[in-house]
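First comes the structure, then the notes that go with it.
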Amino acid sequence: MTLRLAALKHVYELSEICAKTKEPYSKSDLSTLRDLLTALSSYDHNLIISWFRLQEKLLPLELLWLLQSQGLVQFTTHIYYKTNLIAGLSEQFEKQIWCQDETLRQNCAETVAGLLATLVNLGPHTSRHVCGPAQQLLETVVEKFVDRLFEDSSVPEIPVPFLSKLLGSSVCVQSRLQVFCVSVLRTFVQSVRKGVTVEEAIRDQSELYTTSKSSPVITDIISKILSKLPAEDVINELSKIVLEEQFNWRWLLTTVSVFVSLSTQGAETLKATVENWMTQAFSSKDSRLLSAAVLCARQCCTENMQVFGSYATWFGGLQVRPASAFKFLFSFLSEMVPFEPVLCLKIHVNKVPSVPANCHSVVADYTNLAKTRLADLKQTTDYVGLFGEYTTTEQEGREADVAKVVAYFSQTREIMKIVLEASVFRKQFYEKVFLAELLKDYNLRHVEFIKKLYSIGKIPHALYNRWRQQWF
Numbered sequence: 488m489t490l491r492l493a494a495l496k497h498v499y500e501l502s503e504i505c506a507k508t509k510e511p512y513s514k515s516d517l518s519t520l521r522d523l524l525t526a527l528s529s530y531d532h533n534l535i536i537s538w539f540r541l542q543e544k545l546l547p548l549e550l551l552w553l554l555q556s557q558g559l560v561q562f563t564t565h566i567y568y569k570t571n572l573i574a575g576l577s578e579q580f581e582k583q584i585w586c587q588d589e590t591l592r593q594n595c596a597e598t599v600a601g602l603l604a605t606l607v608n609l610g611p612h613t614s615r616h617v618c619g620p621a622q623q624l625l626e627t628v629v630e631k632f633v634d635r636l637f638e639d640s641s642v643p644e645i646p647v648p649f650l651s652k653l654l655g656s657s658v659c660v661q662s663r664l665q666v667f668c669v670s671v672l673r674t675f676v677q678s679v680r681k682g683v684t685v686e687e688a689i690r691d692q693s694e695l696y697t698t699s700k701s702s703p704v705i706t707d708i709i710s711k712i713l714s715k716l717p718a719e720d721v722i723n724e725l726s727k728i729v730l731e732e733q734f735n736w737r738w739l740l741t742t743v744s745v746f747v748s749l750s751t752q753g754a755e756t757l758k759a760t761v762e763n764w765m766t767q768a769f770s771s772k773d774s775r776l777l778s779a780a781v782l783c784a785r786q787c788c789t790e791n792m793q794v795f796g797s798y799a800t801w802f803g804g805l806q807v808r809p810a811s812a813f814k815f816l817f818s819f820l821s822e823m824v825p826f827e828p829v830l831c832l833k834i835h836v837n838k839v840p841s842v843p844a845n846c847h848s849v850v851a852d853y854t855n856l857a858k859t860r861l862a863d864l865k866q867t868t869d870y871v872g873l874f875g876e877y878t879t880t881e882q883e884g885r886e887a888d889v890a891k892v893v894a895y896f897s898q899t900r901e902i903m904k905i906v907l908e909a910s911v912f913r914k915q916f917y918e919k920v921f922l923a924e925l926l927k928d929y930n931l932r933h934v935e936f937i938k939k940l941y942s943i944g945k946i947p948h949a950l951y952n953r954w955r956q957q958w959f
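Numbering (my numbering), first residue to last: 488 to 959.
In structure tokens, the structure reads:
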């Protein structure tokens, strides 16, 4: 009788802590919960199970994980019998995943990873009656996670490290983990959060979607997912998504950037896939598929992938045949002129691919359109900087050129020969691009170099005076 009363007392205490303690649990609350379960287990496992079955409301994830890990109640069985609680459970997962309390984050990560592992492991061998609700919960948790991750992609919150624990879990079947990662990859690329048009993607991709410009939190998570998949599987999935034409430009291009940065072999396969997309696009006159091919190629070029080379090399090396395909390509490029980055316009003007015999007028029309746009933007057609092709954005290339020649002058007190040559043989570029960048603001490190250039007649008097009046 005494043992029975003690057991009932522990059941009452378990009910109290579940009802009153705020999630996520602190270490002391978690310890209390663990001690109560241990004590109850020493009396009768059936007592815990009977109590558990009577619970109609949401129970803390910590309790569900302890019951699962101690072999008392299977989490998947709980979901099967409590399908009405799936929405509430997904909210509990979200709260734990985004816990920002440093004292609780590791416990949250272990709880989330442990419970998700039981869902990930369900496969074709599992009864569909059990698998269905569990899969629904897993998909909802992933969707909420991705949506929150992309909510403010410039400065996102940092989730608890549940993903690292889940992907490194020894209890997870590797084949099921890969299925899970493919599902997460698809959720990433198809997320409606921060959706952009193709025109916005063309305008912004080099400024926002590369690995160096994207949020480290986002690129790290994408990297973790991709690293669990063979490169061929990643490309096959991306290809399916692109051909289905159901994707978010921003996250497709960001994923491509992370992928090629992780895998040289993958970049080679992706290049062949891009070429295949272009062939299909030309055959079916599919401008969206052509957009995906061109933008993915640009993304790889922006990441300085040797397989693709610079965008100038890739674009100039295209062999587009027959003439109808070439015309379709330049028709697409003509429509994109108002949105194109300056550097791409310059490359298209200077690095025209091999032209079929009857397509020269098409190129001439495009060139006039691009040059007009460049003139409106007060830009030259010169796409090569002082030291070679710009491989990132034109602005970054200009800044790098100026930084390099100023650093050389600071060390040697001499002006680089290449600067003097540009002032004579590339006068338009020198004045409209190089000097414009050098004189655009006040930088103490530039002052002596500017004065030296002026003293030898390499800065026009009016330009120099305007700079002095503005900054002195």
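Backbone N, C-alpha and C define an ideal beta-carbon position, used for all residues, glycine too.
{"Check": "Under a three-way DSSP split, which group does Met488 fall into?", "Outcome": "Here Met488 scores only 44 on pLDDT, less than 50, and its place in the model is too uncertain to base an answer on."}
{"Check": "Using alpha carbons as the reference points, say which of Leu940, Gln692, Ser577 lies closest to Glu918.", "Outcome": "Leu940"}
{"Check": "Taking just the CA atoms, how far does Ala923 sit from Gln915?", "Outcome": "11 Å"}
{"Check": "Pull up the distance between the alpha-carbon of Arg592 and that of Pro648, whole angstroms please.", "Outcome": "8 Å"}
{"Check": "Sort His565, Ser897, Cys783, Gln661 by Cα distance to Gly619 and report the nearest one.", "Outcome": "His565"}
{"Check": "How do the region 794 to 807 and the region 649 to 662 stand: do at least 3 beta-carbon pairs fall below 8 Å, yes or no?", "Outcome": "no"}
{"Check": "Would you decide whether Val629 is buried or exposed? Buried here means 16 or more other CB atoms lie within 10 Å of its CB.", "Outcome": "buried"}
{"Check": "Can at least three beta-carbon pairs, one atom from the region 821 to 835 and one from the region 848 to 864, be found at a separation below 8 Å?", "Outcome": "yes"}
{"Check": "Put Val871 into one of helix, strand or coil per three-state DSSP.", "Outcome": "strand"}
{"Check": "Per the contact definition of three or more C-beta pairs closer than 8 Å, is the region 702 to 713 in contact with the region 832 to 846?", "Outcome": "no"}
{"Check": "Along the chain, where does the alpha helix (DSSP H) that runs through Lys681 open and close?", "Outcome": "Counting along the chain, Lys681 falls outside any alpha helix (DSSP H), and DSSP gives it neither H nor E."}
{"Check": "Please confirm whether Glu812 and Phe769 have their CB atoms less than 7 Å apart.", "Outcome": "Position check: residue 812 holds Ala in this sequence, whereas Glu was assumed. Yes, these two residues count as a Cβ contact at 7 Å."}
{"Check": "Output the residue ranges of the alpha helix (DSSP H) runs that lie fully inside the region 866 to 937 and measure 4 residues or longer, sorted by chain position.", "Outcome": "881 to 899, 904 to 912"}
{"Check": "Spatial neighbours of Pro947 within its chain, please: CB distance less than 6 Å, with the 5 preceding and 5 following residues excluded, ordered by chain position.", "Outcome": "none"}
{"Check": "Taking 7 Å as the threshold (C-beta atoms), are Arg737 and Val683 in contact?", "Outcome": "yes"}
{"Check": "Grouping DSSP H, G and I as helix and E and B as strand, with all else coil, what is Gly558?", "Outcome": "coil"}
{"Check": "Output the distance between the C-alpha atoms of Ala759 and Leu739, rounded to the nearest integer angstrom.", "Outcome": "17 Å"}
{"Check": "Hey, quick one: how far does the alpha helix (DSSP H) through Val829 stretch, first residue to last?", "Outcome": "829 to 837"}
{"Check": "Measuring straight from C-alpha to C-alpha, what distance separates Lys833 and Asp720?", "Outcome": "36 Å"}
{"Check": "From which residue to which residue does the alpha helix (DSSP H) around Arg770 run?", "Outcome": "According to the sequence provided, residue 770 is Ser. The question's Arg does not apply to it. Residues 751 to 771."}
{"Check": "Starting from Glu578, trace the alpha helix (DSSP H) both ways and give me its first and last residue.", "Outcome": "573 to 584"}
{"Check": "DSSP three-state call for Pro947: helix, strand or coil?", "Outcome": "coil"}
{"Check": "Closest to Cys668 by CA distance: which of Tyr696, Thr698, Ala718 is it?", "Outcome": "Ala718"}
{"Check": "With burial defined as no fewer than 16 other Cβ atoms inside 10 Å of the residue's Cβ, what is the status of Gly753: buried or exposed?", "Outcome": "buried"}
{"Check": "With Asp888 and Phe912 assumed to form a contact (beta carbons below 8 Å), what rounded beta-carbon distance in angstroms separates them?", "Outcome": "With a Cβ gap of about 16 Å, Asp888 and Phe912 do not count as contacting."}
{"Check": "Note the first and the last residue of the continuous alpha helix (DSSP H) segment covering Lys711.", "Outcome": "703 to 714"}
{"Check": "Does the separation of the CB atoms of Cys783 and Val743 fall below 7 Å?", "Outcome": "yes"}
{"Check": "Using C-beta distances below 8 Å, list every residue in its chain close to Cys586, excluding the 5 sequence neighbours before and after it, in chain order.", "Outcome": "Pro511, Arg592, Cys595, Val647"}
{"Check": "Taking only the alpha-carbon atoms, compute the straight-line gap between Asp522 and Ile504 and give it to the nearest angstrom.", "Outcome": "12 Å"}
{"Check": "Tell me whether Leu545 sits in a helix, a strand or coil according to DSSP, three-state version.", "Outcome": "coil"}
{"Check": "Mark Lys496 as exposed unless 16 or more other C-beta atoms lie within 10 angstroms of its C-beta, in which case mark it buried.", "Outcome": "exposed"}
{"Check": "Is the separation between the beta-carbon of Phe936 and that of Phe896 shorter than 7 Å?", "Outcome": "yes"}
{"Check": "Find the nearest neighbour of Leu830 within the set Asp852, Arg885, Lys814, judged by alpha-carbon distance.", "Outcome": "Arg885"}
{"Check": "Could you check where the alpha helix (DSSP H) with Gly803 kicks off and where it finishes?", "Outcome": "798 to 803"}
{"Check": "Give me the Cα-Cα distance between Trp764 and Gln882, rounded to the nearest whole angstrom.", "Outcome": "30 Å"}
{"Check": "Just tell me which of Leu757, Ala949, Leu664, Val893 has its CA closest to the CA of Leu963.", "Outcome": "The first residue shown for the chain is 488 and the last is 959, placing residue 963 beyond what the model contains."}
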